[in-house]
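Its first residue numbered 194, the sequence shown is counted upward by one per residue in my numbering.
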Amino acid sequence: MAADGIMVIGGGVIGRSIALGLQAAGRSVTILDPPQSVLPASLGNAGHIAVEQTAPLASLATLRALPGLLLGRNAPAALPLRAARHWLPFGLRMMRAAAPRRFRAGEEALTGLLGDAIPAWRRLLGLAGAGDLMREDGHLVLSESEASLSRLLLETAGGGRLASAAPLAAGSLADLSQRFGVPIVGGVGYAGTAQIVDLAGLLCALREAFAERGGVCLPEHALAVEPDGSAVRVATAEGGLHRAAMAVIAAGVASKRLMVGLGHAVPLIAERGYHIETDSDAAPEPPIVFADRHVLLASFRGRTRITGVTEFSAPDTPPDPRHWERLERHALDLGIAPAAPFRRWVGSRPTLPDYLPALGRLDRTPQIAYAFGHQHLGLTLAARTAELVVALIEGGGPDLAPFAVERFVR
């Protein structure tokens, strides 16, 4: 590649967004994107641009709710005993990050990122010629019990910092009850959030825009990233040895191994998500969260998807079919009966204990930048992350100190 070229390690939505942004800034870019046997987290999520989620999940509220999240009838979280060596140290760090002072600092930092997330998506989709892939008509949260409705109304009573919520009218609740065949006792409609309506189409648009501008994509697995004087060297499992002026590590859960090789033992865990989906002829509509069930119904072009399980484990742990079975029961309860069996998916969200991403350049080797650990907000923050990484490499942008990997050794 060019002597001043940049290698982006990772071909998910964050890596591809960064690569396209760097191209637009006039840089020569190569992506390392290994073939995958399953859909990456970029394609397995609900498409929700969740700017309302300004509070990090590392919080006292999450810790108080943990017994119900793990043990309730519709428990959405799992801590498999076989994976305790992964989630126990992560959980201890998360508890420390939930301290009020650290939580408030994290909330301010995360709100700063989310504040420009949707405008950043408009800019990136415009660059890719794919502006029709995002809809900006909010989402719904529905309650099937008075208890969950009380919690929902309490949570949304003060108004959101980046998105607003208003109680749904009685007529809307009646229509929703009839549609899903369950009693909807209340709910709220959010304004100010968005959805990507075709995730595969998004990655395709980013890939094509990158290629049209002369970008190179190599189907190789990065094994190690090393400084090479003022440049960088990347070794791959396929025997490649690539030299570049800079590298950006944006490889999701695989970033952990690459960072360890650079002397940074980042406490990244695979927060695994499960979904089921079926084909649908219905037009896409805003996402719907069923609060009591802890599931989200996402309507895409040509398909309907239900997400709603979080399992803290290792990326290569065999999936637990009970999670899919629970989602399938919810789907049938809600009148979603597929003509063929549901398609099943499990994938790994890269998550750090304070529920903030890792963004920046390494202090000792500034020719290596990184962008990973976005947990549930990877899609939401992909476009904004790309802009920040481009600004960082070009010598500008805001202070990213709250997201530096060095925070885990302070």
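Ideal Cβ placement from N, Cα and C applies to all residues, glycine included.
Review point. What are the boundary residues of the alpha helix (DSSP H) that includes Glu464?
Key: From DSSP, Glu464 is part of no alpha helix (DSSP H) but of the beta strand (DSSP E) over Ile462 to Asp472.
Point to revise | Identity of the residues DSSP links to Ala424 by a beta bridge | key: BP columns for Ala424 point to Asp421.
Practice item. Within the same chain, show all residues whose beta-carbon is closer than 6 Å to that of Leu361, passing over the 5 residues directly before and after it, in chain order. Key: Same-chain partners within the cutoff: Gly380 and Gly382.
Practice item. Could you tell me which of Gly308, Pro376, Ser210 and Ile199 sits nearest to Gly528, measuring between CA atoms? Key: Checking every option, the nearest Cα to that of Gly528 belongs to Pro376.
Check your understanding: Can you find at least 3 beta carbon pairs, one from the stretch 555-567 and one from the stretch 423-438, that sit closer than 8 Å?
Key -> Contact annotation: the stretch 555-567 touches the stretch 423-438, with at least three C-beta pairs closer than 8 Å.
Check your understanding: What residue does the alpha helix (DSSP H) around Pro282 start on, and which one ends it?
Key -> Per DSSP, Pro282 is one residue of the alpha helix (DSSP H) stretching across Ala277 to Ala290.
Review point. Would Val244 pass as a contact of Ala310 if the rule is Cβ separation under 7 Å?
Key: Closer than 7 Å, so yes.
Check your understanding: Counting Cβ pairs, one atom from each stretch, are 3 or more of them under 8 Å apart for the stretch 197-204 and the stretch 214-232?
Key -> At 8 Å Cβ cutoff, the stretches touch.
Review point. So Leu489 packs on Leu236, CB below 8 Å; how close in whole Å?
Key: Actually they do not touch by this definition, with Cβ atoms about 16 Å apart.
Exercise for review: Could you tell me which residues DSSP pairs with Asn510 in its beta bridges?
Suggested key: Asn is not the amino acid found at residue 510; the sequence shown has Thr there. For Thr510, which the question treats as bridged, DSSP gives no partner whatsoever.
Review point. If you follow the beta strand (DSSP E) that Ile586 is part of, which residue opens it and which one closes it?
Key: The continuous stretches of beta strand (DSSP E) do not include Ile586, which lies in the alpha helix (DSSP H) extending over residues Gly571 to Ile586.
**Study point:** Pro591 versus Leu259 - alpha carbon distance
**Key:** Each residue's alpha carbon lies about 35 Å from the other.
Point to revise | Cβ contact check for the stretch 336-348 and the stretch 471-491: 3 or more pairs under 8 Å | key: Below 8 Å, enough C-beta pairs join the stretch 336-348 and the stretch 471-491 to call them touching: three or more.
**Study point:** Rounded separation between Ala533 and Glu521 - CA only
**Key:** For Ala533 and Glu521, the gap between their C-alpha atoms comes out near 12 Å.
Exercise for review: Count the CB pairs spanning the stretch 281-288 and the stretch 506-518 that are closer than 8 Å, and state whether there are at least three.
Suggested key: In short, these stretches do not touch, since the Cβ pair count stays below three.
Review point. From Val409 to Phe403, what does the alpha carbon distance come to, in whole angstroms?
Key: Here the alpha carbon of Val409 sits roughly 8 Å from the alpha carbon of Phe403.
Exercise for review: Under 6 Å Cβ to Cβ from Arg498, same chain only, skipping five residues before and after it: list those, please.
Suggested key: Only His468, Glu470 and Ala491 meet the Cβ criterion.
Review point. Val222 bridges to which residues according to DSSP?
Key: Its beta-bridge partners are Ile199.
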